[in-house]
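Trainee: Chains as they are written, first to last, in the working numbering: chain P, 5 to 321; chain E, 7 to 427. Just so it is clear, CB atoms sit at the ideal spot from N, CA and C, and this is done for glycine as well. Take this structure, written in structure tokens, and hold onto it; I'll ask about it next.
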Amino acid sequence: MALSKPVRTIWDIPREERFAPGHTMCQGCGAAIIMRHLTKVIGKDAIIVQATGCVEVTTTAFPRTSWLNPWLHLAFENAGAGASGVEAALKALKRKGVIDPNRKIKVVAIAGDGGTFDIGLQSLSGMLERGHNVMYVVYDNEAYMNTGIQRSGATPLGAWTTTTPVGKKLRGELRPKKDLIGIALAHRIPYIATASPAYPTDMVEKLRKAYETEGPSLVHIISPCTPGWRIRNEDSVKVARLAVLTGMWVLLEIVNGKPRVTVKVPKRKPVREYLRLQGRFRHLTDEEIARIQKMVDEYVEEINRWVGEQAIGPVEG
Amino acid sequence: MSLTLEKKEERKELRQVVSKRIAATGNYAAALAVKDADVDVAAIYPITPQVQIAEKIAEFVANGELDAEVIHVEGEHSALSAVVAAAATGARAFTATSSQGLEYMHEMLYIASSLRQPVVMALATRALSAPINIWNDYADAFGMRETGWIMLFSENVQEVYDNLVQAFRIAEHPDVLLPVVVTLDGYILSHTIEPLEPLGREEVLSFAPKRPRGYRPVLDPDYPITVGTLGTPHWYYEAKYQQVVALRESKRIIEEAGREFGKKYGREYGLIEEYMMDDAELAFVSLGATASLVKAAVDRLRKEGIKAGMIKLRVLRPFPVDEVVKALENVEAWATLNRTISYGAAIEEPLFTEIAAALAVRGIVKPMASFVHGMGGRDIFVREIVEMYKKLDEIRKSGRKVKRTYFWGVKGHDPEEDQAM
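Put into structure tokens, the structure is as follows:
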């Protein structure tokens, strides 16, 4: 059974485990936490379409699988198209009486940032624009981690990756992260949210609402990657929490275009606290960190203006 | 060869199941087959010269004549992705494309066949860019030879319809479960109006029933399985060998479908079609609508007293090797005529390499040659094919070895020059 009651405390999260152990994801992998909670929310009657990526290769090495749901992987760039196909088939087969029309079967697409921001963007856009009843979950570890930490459109400013190395002339990623939420918003879909595995009740509640949404929904979840971010295994939840507490990652929910910050941060921590835990930012000078701080300040201001309140406060002094 | 009088009588009787004869383009015939097969999901991206298939299906759905979900995908890669996923969910799924569109979905061609999803696709054959060219040749179709699909070529509009009807039955057969592509020559069939005898939904669904016994969708919440897994070196090879066997064994089902189609509707289909081959000394192998031109050339040559014959490949994959070898065993010389080029290959016409290899491993070597013509919609005239036959005749008589493909009809170029290169 899918989760139908609102999630307010950790006790509202179903006990039943639907993400089988034995997969080969790293210790401290943010995506593993996300998948575990996602499968608790969607229950049995959901068909998963997954893009190529870390989660796909680590959970399905034949003849083993971590998935208790019907699960389909086609290729890297087409989770949106595959999910569209499953959803259209369910619609047609229900209408023709092949599948019980009263049975709710949700289609869930899962992809990483590469499969969403970059190579899969066209397929995602098509799926959103056509209004398929699909929930799309992005686990965003901010680079191509599966192939060995190459820069993606989701890589943040200043981050080291193997294709944005730190050299004498160039020092890490030169551009800020692509605005995926803005792209989703432009498609005017009914439900969009950002989430973090450091805030499980918030994350699960958002996944539940995305599941309940009729029409396309998108949940964008930050997913710390221990080897890619160069963090200690035991620090991944801490880093995910600091992303929120510094204002680098704002926990948002946009229902029918109306935005709301779900986890407010009255006093922000300086971004330095988030950056200094991660080897990928180790090279940053005070000047460069100040530039990132300024960028985050502007972002926070923009969010506050958008939601119409001071949801994220000033940096604590 | 022409039918005997008795056979014609018999055909007339069989035709009683056919309700009407209409005039239709190849594109319309394809859309009609989709309607009659009661397709559940169609995802099609427009590309010339295939567009009318998408338009017509949309029209059928808009008028309530077909109850299907039409996905207006944003590209061909997504088109094939969506129909593969739809088939995995248990829907009868269809797409259509051409040329650049087929290339754009190329990655998914392998995935469709490897995941054993019985999708059916119509391919309006068309040249590949550059230069951009919307007219007919077989470069797109020949580019998908290695992708594990069953490939049926159509010679005329009726065959487009009949092949598609059979394609659904073949693809979804529990012993096959492979995708099937049906070609129609761009413009030459896609836009040409010919007589068509559609069978109607009742007949098509009795010939190609949906969800036949033993066929179950792979994505079922009550029986969850993981599809599209990671295949490590431990298991990948085994999966690939299963595909080899599946494609090989699909031959039996293709033959059975063609035979039964003939019994029921009077138009029998084999893996190949032989034309004037009983006593032929010179034989050409060709396919698609080009085969019609070769037949016309054979008729002319026969009038001149030259014993010419031809073989039409209806099925390119799985390659009907036994049938082709048997047909060519007794001729004195053979050649291929194709509308595609295999750049830099040992022989630059790809049909030839396959047939020559099939004959050679059986120890059959005789005068042979290969011809390319009709690239990018260049007209092939019957008189040119007659000349090709005469060239083959000369090769037979002189006993000289032809080591390179003849590129016929290139402006200002003597095809014999290639032999010296």
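1) Have a look at the DSSP bridge pairing and note the partners of residue 412 (chain E).
2) Tell me the DSSP secondary structure of residue 71 (chain P) in three-state form.
3) Does the beta carbon of residue 282 (chain P) sit closer than 8 angstroms to a beta carbon anywhere in chain E?
4) So, does the CB of residue 100 (chain P) fall closer than 8 angstroms to a CB anywhere in chain E?
5) DSSP on residue 233 (chain E), reduced to helix/strand/coil?
6) Quick test of your reading: residue 334 (chain E) and residue 288 (chain E), contact by CB under 8 angstroms. State the CB separation rounded to the nearest angstrom.
7) Tell me the rounded alpha-carbon separation between residue 25 (chain P) and residue 54 (chain P).
8) Using a C-beta to C-beta distance shorter than 7 angstroms, which residues of chain E count as neighbours of residue 22 (chain P)?
9) Please list the segments of the beta strand (DSSP E) lying wholly inside the segment 322-353 of chain E, counting only runs of 3 or more residues, in order along the chain.
10) Roughly how many whole angstroms lie between the Cα atoms of residue 239 (chain E) and residue 155 (chain P)?
11) Which class does residue 284 (chain E) belong to by DSSP, given the choice of helix, strand or coil?
12) Which chain E residues sit within Cβ distance under 7 angstroms of residue 104 (chain P)?
13) Check whether the Cβ of residue 74 (chain P) lies closer than 8 angstroms to any Cβ atom in chain E.
14) For residue 297 (chain P), return the contacting residues in chain E, with the cut-off set at a CB-CB distance below 7 angstroms.
15) Anything in chain E within Cβ reach of residue 61 (chain P), meaning under 7 angstroms, just list it in chain order.
16) Does residue 285 (chain E) get closer than 8 angstroms to chain P when you measure Cβ to Cβ?
17) Between which two residues does the alpha helix (DSSP H) carrying residue 61 (chain P) extend?
18) Do residue 166 (chain E) and residue 195 (chain E) have their beta-carbon atoms positioned less than 8 angstroms apart in this structure?
19) Which of the three DSSP states, helix, strand or coil, is assigned to residue 394 (chain E)?
20) I need the straight-line Cα distance from residue 44 (chain P) to residue 197 (chain E), nearest angstrom please.
21) Tell me the rounded alpha-carbon separation between residue 109 (chain P) and residue 128 (chain P).
22) Mind checking if residue 47 (chain E) is an interface residue toward chain P, Cβ cutoff 8 angstroms exclusive?
23) For residue 225 (chain E), would you say it is in contact with chain P, using Cβ-to-Cβ distances shorter than 8 angstroms as the test?
24) Less than 8 angstroms between the CB atoms is what I'm expecting for residue 230 (chain P) and residue 57 (chain P), so what's the real figure, rounded?
25) Three or more C-beta pairs under 8 angstroms: does that hold for the segment 268-277 of chain E against the segment 110-127 of chain P?
26) Using CA atoms only, rank isn't needed, just tell me which of P:69, P:48, P:166 is closest to residue 111 (chain P).
27) What is the DSSP secondary structure of residue 155 (chain P), counted as helix, strand or coil?
28) Are residue 292 (chain E) and residue 156 (chain E) touching if we call contact CB-CB under 8 angstroms?
29) Consult DSSP for residue 7 (chain E) and reduce its assignment to one of helix, strand or coil.
30) Would the beta-carbon of residue 413 (chain E) fall within 8 angstroms of that of residue 341 (chain E)?
31) Step through the CB atoms of chain E and report whether any lies within less than 8 angstroms of the CB of residue 49 (chain P).
32) Using only the alpha-carbon positions, how far apart do residue 148 (chain E) and residue 346 (chain E) sit?
33) Can you confirm whether the segment 295-302 of chain E touches the segment 349-356 of chain E when touching is taken to mean that 3 or more C-beta pairs between the two stretches lie within less than 8 angstroms?
34) Below 8 angstroms between beta carbons: does that hold for residue 103 (chain E) and residue 74 (chain E)?
35) For residue 218 (chain P), decide whether its Cβ has a neighbour in chain E, counting only Cβ atoms nearer than 8 angstroms.
36) What residue from P:243, P:258, P:259 has the CA that sits closest to residue 252 (chain P)'s CA?
Mentor: Judging by the given coordinates:
1) Residue 412 (chain E) pairs with E:377.
2) The answer is strand: DSSP assigns residue 71 (chain P) an E or B state.
3) By this cut-off, residue 282 (chain P) is not an interface position.
4) Answer yes: the Cβ-Cβ gap between residue 100 (chain P) and chain E drops below 8 angstroms somewhere.
5) Under the three-state reduction of DSSP output, residue 233 (chain E) falls in the strand class.
6) About 11 angstroms separates the two Cβ atoms, so there is no contact after all.
7) Answer to the nearest angstrom: the Cα atoms are 18 angstroms apart.
8) Simply none; closest approach about 10 angstroms.
9) Complete beta strand (DSSP E) runs here, min 3: 339-344.
10) Residue 239 (chain E) and residue 155 (chain P) have their C-alpha atoms roughly 28 angstroms apart.
11) Here residue 284 (chain E) sits in coil by DSSP.
12) Taking a Cβ-Cβ cut-off of 7 angstroms, residue 104 (chain P) has no neighbours in chain E, whose nearest Cβ is about 11 angstroms from it.
13) With a threshold of 8 angstroms between beta carbons, residue 74 (chain P) makes contact with chain E.
14) None at all; the shortest Cβ gap to chain E is about 39 angstroms.
15) The contacting residues are 236.
16) With 8 angstroms as the cut-off, residue 285 (chain E) does not count as an interface residue toward chain P.
17) Secondary structure note for residue 61 (chain P): its alpha helix (DSSP H) is the uninterrupted segment 58-63.
18) In this structure, residue 166 (chain E) lies closer than 8 angstroms to residue 195 (chain E) by Cβ.
19) Correct three-state label for residue 394 (chain E): helix.
20) If you take the alpha carbons of residue 44 (chain P) and residue 197 (chain E), they lie about 53 angstroms apart.
21) Cα to Cα, the separation comes out at about 20 angstroms.
22) For residue 47 (chain E), the answer is yes, since a Cβ of chain P falls inside 8 angstroms of its Cβ.
23) Under the Cβ distance rule, residue 225 (chain E) counts among the residues neighbouring chain P, one pair being separated by less than 8 angstroms.
24) Incorrect: roughly 16 angstroms between the Cβ atoms, too far for contact.
25) Segments in contact, no.
26) Closest in alpha carbon position to residue 111 (chain P), among P:69, P:48, P:166, is P:48.
27) In the structure shown, residue 155 (chain P) falls within a coil segment according to DSSP collapsed to helix, strand and coil.
28) Against a cut-off of 8 angstroms, the Cβ pair of residue 156 (chain E) and residue 292 (chain E) comes out as no contact.
29) Only weak support exists for where residue 7 (chain E) lies, its pLDDT of 41 falling under 50; the value from the coordinates is given anyway. Coil at residue 7 (chain E), not helix or strand.
30) It is not a contact, given that the beta carbons lie outside the stated cut-off.
31) Answer yes: the Cβ-Cβ gap between residue 49 (chain P) and chain E drops below 8 angstroms somewhere.
32) Each residue's CA atom was taken as its position, placing residue 148 (chain E) and residue 346 (chain E) some 7 angstroms apart.
33) No: the two stretches stay apart, fewer than three of their Cβ pairs being nearer than 8 angstroms.
34) Going by beta carbons, residue 103 (chain E) and residue 74 (chain E) fall outside the 8 angstroms limit.
35) At least 8 angstroms separates the CB of residue 218 (chain P) from every CB of chain E.
36) Looking only at P:243, P:258, P:259, the smallest Cα-Cα distance to residue 252 (chain P) is reached by P:243.
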